[in-house]
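Note sheet for the following structure.
In this note's numbering, the protein residues as written are 1 to 443.
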């Protein structure tokens, strides 16, 4: 395992309280007064587009900040995007809106962004328009129903929204007869879960004959993961399989050459992998002892386990991490299941998860000073990808896993510069009187 420093880091917000305290008097908790990054997403890369790839970060002050992934500069701020905490953000695919574009005077390749919030709304922001107002706003159907997650399928024409009322609702985002989409509610799956739906994910899958279709996976606090064929006319007809994970679900991800597998991360910091079509569990991946296994793997790679222990899981991803090859080489057959984990010191650890072994690949050091909340991938401009992480320390860090790129300097809100964020130990946070974590961090 190799330790790497961030290729680039952006501080999305600073603590006004911390800035007013002399450095020698700072307790180390000042970053907690800043804004957590709750969700991040990258726009899809389009080689024919004139614009660069963007990274969107949803902050705990209910705003959304858009960064240019090439320059690291802020290109857009959407202040008070919602009236409640933002649950998730996601970009539309490149092909969406190629027909019926109402803003022909703007770059048609500029991305559109969808966001879900605990205020019960789902909004679509058209970044081709110089306005902070949403192009579409859809309110969930039930009173006090929160939108906890969102995913786009069928080229962005259908959105699935998981809610606090154990429902999965669908939004119609199709262009029709030259008119813009309205985001109207089309219906809901109401029998799949009994508690909050924490994850939804559309995925294109294929069978042994090469036939492809789109499926939707939903996961909940009730410990169930269901997979549907949304093209079917009813919820019962659409249900393909139900997996009993046995613990509240926090993250799901498809994997495999044909996306035949699905991994599930829980609030108990466990991971299991399944063949979703047959509802068969492939592995418990260490069960409740997974964090110990990961920490041991880090120690066996030459690192001291003390101070380098794995405390929580961030997410899993099917990707070519480009750790051991030139960044320009990215063959699809080199993809593998990877797990990102971390600790409260801000360290991140990327592992390759094979059937018979766990291989620590990268130690992400020096970027974050608090827990990592989310991650995504961005194009590096030469045929490979870089990993982007967002954390509770208000930092957005970009990592060149291949180690072939020289790192530029730290980026603050709008310009290149120095942004200092004090380190905090999560074990000590409970000793600070009156200090509470924001929005129920799962860590």
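Ideal Cβ placement from N, Cα and C applies to all residues, glycine included. Values in this document were obtained by computation on a predicted structure and should not be read as measured data.
**Request:** Could you give the DSSP three-state label for residue 204: helix, strand or coil?
**Result:** Residue 204 sits in a strand when the DSSP states are folded into three classes.
**Item:** Within 8 Å, strictly: CB atoms of residue 64 and residue 388
**Value:** Residue 64 places its beta carbon 8 Å or farther from that of residue 388.
**Prompt:** Cβ atoms of residue 253 and residue 317: under 8 Å apart, would you say?
**Reply:** Cβ distance < 8 Å, so residue 317 and residue 253 count as in contact.
**Message:** Let me check understanding here. Comparing Cα to Cα, which of 61, 397, 146 and 160 lies closest to residue 230?
**Reply:** For the residues 61, 397, 146 and 160, the minimum Cα distance to residue 230 belongs to 160.
**Request:** Give the secondary structure of residue 71 by DSSP, where H, G and I count as helix, E and B as strand, and everything else as coil.
**Result:** In the three-state scheme derived from DSSP, where H, G and I count as helix and E and B as strand, residue 71 is classed as coil.
**Asked** Distance, Cα to Cα, residue 134 vs residue 247?
**Response** Taken atom to atom, the span from the alpha-carbon of residue 134 to that of residue 247 is near 36 Å.
**Request:** Give me the Cα-Cα distance between residue 369 and residue 335, rounded to the nearest whole angstrom.
**Result:** For the pair residue 369 and residue 335, the Cα-to-Cα distance works out to about 30 Å.
**Among 86, 372 and 196, nearest to residue 162 - alpha-carbon criterion** = Between residue 162 and the set 86, 372 and 196, the nearest pair of CA atoms involves 196.
**Message:** Can you tell me whether residue 7 is helix, strand or coil according to DSSP?
**Reply:** Residue 7 falls in the coil class under three-state DSSP.
**Prompt:** Can you round the beta-carbon distance between residue 74 and residue 113 to whole angstroms, since I take them to be within the 8 Å contact cut?
**Reply:** That belief does not hold up - the Cβ atoms of residue 74 and residue 113 are roughly 15 Å apart, past 8 Å.
**Prompt:** Nearest-angstrom Cα distance between residue 375 and residue 356?
**Reply:** So the alpha carbons of these two residues sit roughly 26 Å apart.
**Asked** Cα separation between residue 313 and residue 298?
**Response** In a straight line, the C-alpha of residue 313 is about 14 Å away from that of residue 298.
**Item:** Three-state secondary structure (DSSP) of residue 298
**Value:** Three-state DSSP puts residue 298 in a helix.
**Request:** Give me the Cα-Cα distance between residue 377 and residue 83, rounded to the nearest whole angstrom.
**Result:** Here the alpha carbon of residue 377 sits roughly 28 Å from the alpha carbon of residue 83.
**Asked** So which of 180, 185 and 239 has the shortest CA-CA distance to residue 141?
**Response** Taking only the C-alpha atoms, the option nearest residue 141 is 185.
**Item:** Helix, strand or coil at residue 290 [DSSP, three-state]
**Value:** In this structure, residue 290 counts as helix in the three-state DSSP scheme.
**Request:** Work out the CA separation of residue 214 and residue 154 for me, nearest whole Å.
**Result:** Approximately 7 Å between the Cα atoms of the pair.
**Asked** Does the distance from the CB of residue 200 to the CB of residue 149 come in under 8 Å?
**Response** In contact: residue 200 and residue 149 (Cβ atoms closer than 8 Å).
**Request:** May I have the straight-line CA-CA distance separating residue 170 from residue 190, to the nearest angstrom?
**Result:** Cα-Cα distance, rounded: 11 Å.
**Request:** Report buried or exposed for residue 119, applying the criterion of at least 16 other Cβ atoms within 10 angstroms of its Cβ.
**Result:** That one is buried.
**Request:** Report the residue from 269, 280 and 275 whose alpha carbon sits nearest the alpha carbon of residue 292.
**Result:** Minimum Cα distance to residue 292 is reached at 269.
**Request:** Specify the secondary structure class of residue 236 as computed by DSSP and reduced to three states.
**Result:** Residue state, collapsed to three classes: helix.
**Item:** Nearest-angstrom Cα separation, counted from residue 12 out to residue 457
**Value:** Nothing in the structure corresponds to residue 457, since the chain is present only between 1 and 443.
**Prompt:** Are the CB atoms of residue 241 and residue 276 nearer to each other than 8 Å?
**Reply:** Yes. Within cutoff.
**Request:** Could you check the C-alpha separation between residue 137 and residue 183 for me, to the nearest Å?
**Result:** Their Cα atoms are separated by approximately 7 Å.
**Request:** Would you please state the rounded distance, in angstroms, between the beta carbons of residue 6 and residue 398? I believe it to be under 8 Å.
**Result:** Right, their Cβ atoms sit about 6 Å apart.
**Item:** Proximity of residue 38 and residue 111 at Cβ, strictly below 8 Å
**Value:** The Cβ-Cβ distance between residue 38 and residue 111 does not fall below 8 Å.
**Prompt:** What separation, rounded to the nearest whole angstrom, lies between the Cα atoms of residue 258 and residue 279?
**Reply:** Using only the alpha carbons, I get a separation of about 16 Å.
**Asked** Are the beta-carbon atoms belonging to residue 95 and residue 132 less than 8 Å from one another?
**Response** The Cβ atoms of residue 95 and residue 132 lie no closer than 8 Å to each other.
**Request:** Return helix, strand or coil for residue 334, following the three-state DSSP convention.
**Result:** Here residue 334 sits in helix by DSSP.
**Request:** Starting from the N-terminal side, write out each stretch of the beta strand (DSSP E) that is 3 residues or longer and does not extend beyond the region 36 to 66.
**Result:** Complete beta strand (DSSP E) runs here, min 3: 37 to 42 and 54 to 59.
**Request:** Kindly indicate which three-state DSSP category residue 284 falls into: helix, strand or coil?
**Result:** Residue state, collapsed to three classes: coil.
**Item:** Cβ neighbour criterion (16 or more within 10 Å) applied to residue 380
**Value:** Residue 380 comes out buried.
**Request:** Give the DSSP bridge partners of residue 214, in chain order.
**Result:** According to DSSP, residue 214 bridges with 204.
**Message:** With a threshold of 7 Å on Cβ separation, who are the neighbours of residue 309 within its own chain once the five nearest residues in sequence on each side are excluded?
**Reply:** Taken in chain order, the residues that qualify are 295 and 343.
**Prompt:** Taking the alpha-carbon positions, what's the residue 261 to residue 281 distance?
**Reply:** Looking at the two C-alpha atoms, the distance is approximately 10 Å.
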